[in-house]
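K.L.:
In the numbering used here, the protein residues as written are 163 to 430.
We put the CB at the ideal spot given by N, CA and C, even for glycine.
Just so you know, these numbers come straight off a predicted model, no measurement behind them.
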Ligand code: SF4
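1) When you compare the CB positions of residue 385 and residue 359, do they come within less than 8 angstroms of one another, or not?
2) Whose CA, out of 266, 393, 259, 372, lies closest to the CA of residue 476?
3) Output the boundary residues of the beta strand (DSSP E) element that contains residue 382.
4) Checking 8 angstroms against the spacing of the C-beta atoms, do residue 279 and residue 286 come in under that value?
5) Return helix, strand or coil for residue 279, following the three-state DSSP convention.
6) Using 7 angstroms as the cut-off, classify the Cβ of residue 483 as near or not near the heavy atoms of the ligand SF4, replying yes or no.
7) Three-state secondary structure (DSSP) at residue 357?
8) In whole angstroms, give me the CA-to-CA distance for residue 421 and residue 319.
9) According to the neighbour-count rule (16 or more other Cβ atoms, all chains shown, within 10 Å of its Cβ), is residue 282 buried or exposed?
10) Using 8 angstroms as the Cβ pair cut-off and three pairs as the minimum, do the stretch 309-323 and the stretch 387-406 touch?
11) Given the structure, does residue 396 come close to the ligand SF4, in the sense that its CB is under 7 angstroms from one of the ligand's heavy atoms?
12) Where do the N-terminal and C-terminal ends of the alpha helix (DSSP H) with residue 369 fall, by residue?
13) Apart from the five residues just before and just after residue 423, which ones in its own chain have a Cβ nearer than 7 angstroms to its Cβ?
14) Does the stretch 321-337 touch the stretch 401-410, meaning 3 or more C-beta pairs lie closer than 8 angstroms?
15) Mapping the DSSP letters down to three states, classify residue 398 as helix, strand or coil.
16) Three or more C-beta pairs under 8 angstroms: does that hold for the stretch 378-393 against the stretch 409-419?
17) How would you label residue 215, buried or exposed, when you count the other beta carbons within 10 angstroms and need 16 or more for buried?
18) Return helix, strand or coil for residue 320, following the three-state DSSP convention.
19) So within the stretch 283-348, which uninterrupted beta strand (DSSP E) runs reach at least 3 residues, ignoring any that extend past its ends?
20) Taking C-alpha atoms, which residue in 427, 363, 348, 362 lies nearest to residue 269?
21) Could you tell me if residue 363 is buried or exposed, where buried requires 16 or more neighbouring beta carbons within 10 angstroms of its beta carbon?
22) How would you label residue 304, buried or exposed, when you count the other beta carbons within 10 angstroms and need 16 or more for buried?
23) Going by DSSP, what residues sit across from residue 269 in a beta bridge?
24) Can you name, in chain order, every residue of its own chain whose Cβ lies under 7 angstroms from the Cβ of residue 388, other than the five neighbours on each side?
25) For residue 250 and residue 392, I'd like the C-alpha separation in whole angstroms.
26) So residue 321 and residue 366 are in contact, right, with Cβ under 8 angstroms, and what is the actual spacing, rounded?
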């Protein structure tokens, strides 16, 4: 029920203790079971006064602005936004910078426990500026939901942030150019688990030349740097959703990998 001068409201400041006792007793006899307390006093500007300033505090201290927002530690989200702005303006790969429509930085939760990393944006991603939004992206959404998570709870990005023309294989110099962006994303988000989607992401993150069939199905320690006081990051590799669209017989293997992720996240 809302506060106000409805049933049982008592303007206490207008009554003596004896008056209040008598008034409460009479209300009880009238069947009133609840009373309401008046709202906090309002300032002259009509807003609640959150902090009272003692009169002995000097005038300059009363009017000083809070400094927390200017001097406090920056949030992961702030740092991700700063990194995103840098990546959006990147032209390290001359060809990709000329042919792309957008730069696909990545999307999701800045404090995600689970991070998915694919290869590079495709046509739909290049148009929309978002990762995994085509048919493969729809399948990835189902895969994420199959273990009880949503896209908003995880972070999704690619090794390359720009689409290679005609979806050609990323070149080694492009991978090197973009590598520190991915490492910075991982360092800022610091997920519990990175799920590398497909051969290209698995080989790039684990710094190996082994096939995805060999790499999938087990956890690895993230070979990149982790802060000394930070929790270790685990890496698991599975088939890329685009591969699954062409090879649905391997969906069961991806499901097995997802169950491993789910158990790890739930601490089982
Ligand atoms: S792929 Fe990465 S390094 Fe290359 S231009 Fe795009 S953002 Fe820059």
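P.N.:
Considering the structure as presented:
1) no
2) There is no way to answer for residue 476, as the model of the chain reaches only from 163 to 430.
3) 381-383
4) no
5) strand
6) The question about residue 483 has no answer here: the residues shown for the chain are numbered 163 through 430.
7) strand
8) 21 angstroms
9) buried
10) no
11) no
12) Residue 369 -> no alpha helix (DSSP H), and no H or E assigned at all.
13) 276, 309, 355, 357, 398
14) no
15) strand
16) yes
17) Because the pLDDT at residue 215 is just 27, under 50, the model does not fix this residue reliably, and the value given afterwards should be weighed accordingly. The residue in question, residue 215, is exposed, as its Cβ has fewer than 16 Cβ neighbours within 10 Å.
18) strand
19) 317-320
20) 348
21) buried
22) exposed
23) 318
24) 394, 395
25) 28 angstroms
26) 5 angstroms
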